[in-house]
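For the sequence shown, my numbering begins at 197 and goes up steadily by one. Okay, so here's the structure we're looking at.
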Amino acid sequence: MTSAAARRGHAVFHDLKVADIRRLTPDAVAVTFAVPPELRAAYGFRAGQHLALRIPTGTDGGASDRRTYSICSPEDPEPAELTVGVREVADGACSPYVNRRLAPGETLPVLTPAGRFGLRGTPVPGGRYGAVVGGSGITPVLSIAATLLGRHPRARFCLVRSDRSADSAMFLEEVADLKDRYPDRLQVVQSLSREEQQAGLTAGRLDAARLAELLPALLPVAEVAGWFLCGPFGLIQQAERGLRALGVPRGRIHEEIFHVDDAPAPEPAAGDAPEHSTLTATLAGRSGSWPLRPGEKLLDAVLRARPDAPYACRGGVCGTCRAFLVRGEVRMDRSYALEPDELAAGYVLACQSHPVTEQVELDFDR
Ligand code: FES
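This is the structure:
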């Protein structure tokens, strides 16, 4: 993490002006925000991170909702601009506004970058990396690939992307430019699930069995230092199964889920909640304690007193509400946003956590 990001502790909203909106596909745009000089250090980001936007949802301009969108540009500790990819979701509350109504010159509240998807530690010199992405999952992986290839002259990257059709594939030009720049070090394989003319291993839906056959034909799987899986829950689950079947250790697999529509429903409460419990939380250096209401999630309790508490999806997917569990025990409904090492280190998602002990303490600044 950059020192600026480390000092920041948790993400904070600032108003940023839309500098440009570029159509990528009939249902997706790239939105570029201008970052004023005094905020550039605060918006320094690691490849793979995302921004949460507060987007108007009503006609009177009063109501709003939050959504996270991944940054597609290469890692930058002090960016003058930030670009995110936004695909329109049918009946979505926010993405139709971004795709059809948002215009250059408008201002939106944008959270400073958050998210743990991406490179961990120092990349292996001359290392091989691989990615399996579906649909808009290309967005953060474009940033990761461009960063790795740009900074490490011997790094190699194999990108397997799955899209419904060539028309619906986001960032085609950017991937082609990257391929032109690094023809020997970037390998791109595209699978189009709805195009009949395609044949062979990449035809149709990429499932675990097909990936377990395809990947060894593309690269020496055992030599790959890191795998990045990004897209809908079903594809990530299949890709992880395929990689595990090939003997890839879980620690080399990094995942970011974009849609959990096809994920199993959260486990029902096991009746382990204490009758009364108290939450203590530290946020931006200030601490407070509050009684928890029956069935309440920790984030909701914090938000009653501290509306500046960081969150975006509230669904256990984006990781914006990540906090360190200092004391006590919690039960999480879902935790798709945390890697196994983060869970082992004691991090939890406040939006998914219920108390198991009478005293629970969270630190959002760690
Ligand atoms: S707000 Fe997204 S994981 Fe909690």
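Yeah, the Cβ is synthetic: ideal placement off N, Cα and C, and Gly gets one too. A quick note: this is a predicted structure, and the numbers were derived from the prediction, not measured.
Delimiting residues of the alpha helix (DSSP H) encompassing residue i
i	result
Glu409	Ala404 to Leu414
Ser339	Ile334 to Arg347
Phe241	Element bounds for Phe241: n/a, residue is neither H nor E.
Gly430	Phe429 to Ala441
Ala501	Leu494 to Ala501
Glu277	Unbroken run through Glu277 is the beta strand (DSSP E), Glu277 to Arg283; no alpha helix (DSSP H).
Leu212	First-last for Leu212: Phe209 to Thr221, but that is the beta strand (DSSP E), not the alpha helix (DSSP H).
Ala541	Pro536 to Ala541
Contacting residues, own chain, Cβ-Cβ under 8 Å from residue i (five flanking each side not counted)
i	result
Pro275	Val231, Arg236, Tyr239, Gly240, Phe241 and Ser269
Val552	Asp468, Ala469, Pro470, Gly524, Glu525, Val526 and Arg527
Gly331	Arg283, Ser358, Asp359, Arg360, Ser364, Met366, Gly427, Pro428 and Phe454
Arg203	Note on Arg203: pLDDT 41, under 50, position unreliable in the model; the coordinate value appears next. Cβ neighbours of Arg203 beyond the five flanking positions: none.
Glu539	It should be noted that the sequence gives Leu, not Glu, for residue 539. If we look at Leu539 and ignore the five residues flanking it on each side, its Cβ neighbours are Ser531.
Arg500	Trp486
Extent of the continuous beta strand (DSSP E) run through residue i
i	result
Glu557	Gln555 to Asp559
Arg263	Ser260 to Ser266
Val294	From DSSP, Val294 is part of no beta strand (DSSP E) but of the alpha helix (DSSP H) over Ser291 to Arg296.
Leu475	Thr474 to Leu479
Leu521	Arg518 to Arg523
Close-in-space but distant-in-sequence residues of the same chain around residue i (CB under 6 Å, 5 per side omitted)
i	result
Ala224	Arg283 and Met366
Ala310	Ala207 and Thr516
Ala259	Thr253
Chain-order list of residues whose beta-carbon lies under 7 Å from that of residue i (same chain, five-residue window excluded)
i	result
Ala215	Thr228, Phe229, Ala230, Glu277 and Pro300
Cys290	Ile251, Thr253, Asp261 and Arg263
Val320	Ala421
Ala435	Val328, Leu407 and Leu425
Glu302	Val214
Whole-angstrom distance between residue j and residue i, CA atom to CA atom
i	j	result
Gln433	Ser531	14 Å
Gly515	Arg312	7 Å
Gly323	Ala505	38 Å
Arg390	Asp403	15 Å
Leu338	Pro379	15 Å
Arg219	Asp561	37 Å
Leu249	Leu304	7 Å
Val522	Val556	8 Å
Ala408	Val208	41 Å
His210	Leu247	11 Å
Glu370	Val285	22 Å
Ile217	Leu298	8 Å
Cys563	Leu425	Residue coverage of the chain in this structure runs from 197 to 562, which leaves residue 563 outside it and unanswerable.
Asp287	Leu411	36 Å
Leu355	Pro536	24 Å
Arg401	Ser549	34 Å
Arg296	Pro503	30 Å
Tyr543	Phe520	4 Å
Arg448	Gly333	18 Å
Gly317	Asp529	29 Å
Tyr507	Arg518	8 Å
Thr221	Ala372	15 Å
Glu452	Phe353	18 Å
Tyr325	Arg440	16 Å
Ala362	Ala405	24 Å
Ala201	Leu368	Below a pLDDT of 50, predicted positions are generally treated as unreliable, and Ala201, at 37, falls in that range; no measurement from the model is reported.
Leu431	Pro292	24 Å
Pro490	Glu234	43 Å
Check whether residue i and residue j have beta carbons under 8 Å apart
i	j	result
Ala546	Leu558	yes
Ala226	Thr279	yes
Ala477	Leu488	no
Leu414	Val384	no
Ala533	Gly512	yes
Gly422	Leu494	no
Leu374	Ala342	yes
Ala351	Arg381	yes
Gly438	Ile340	no
Ser266	Pro336	yes
Ser483	Leu475	no
Leu212	Val294	no
His472	Glu554	yes
Could you say if the region 342 to 357 and the region 258 to 272 meet the contact criterion of at least three C-beta pairs nearer than 8 Å?
Judged by Cβ distances under 8 Å, the region 342 to 357 makes contact with the region 258 to 272, as three or more pairs qualify.
Spell out a yes or no on whether the region 439 to 448 and the region 414 to 423 are touching, meaning 3 or more CB-CB pairs, one atom from each, closer than 8 Å.
Contact holds: three or more Cβ-Cβ distances are below 8 Å.
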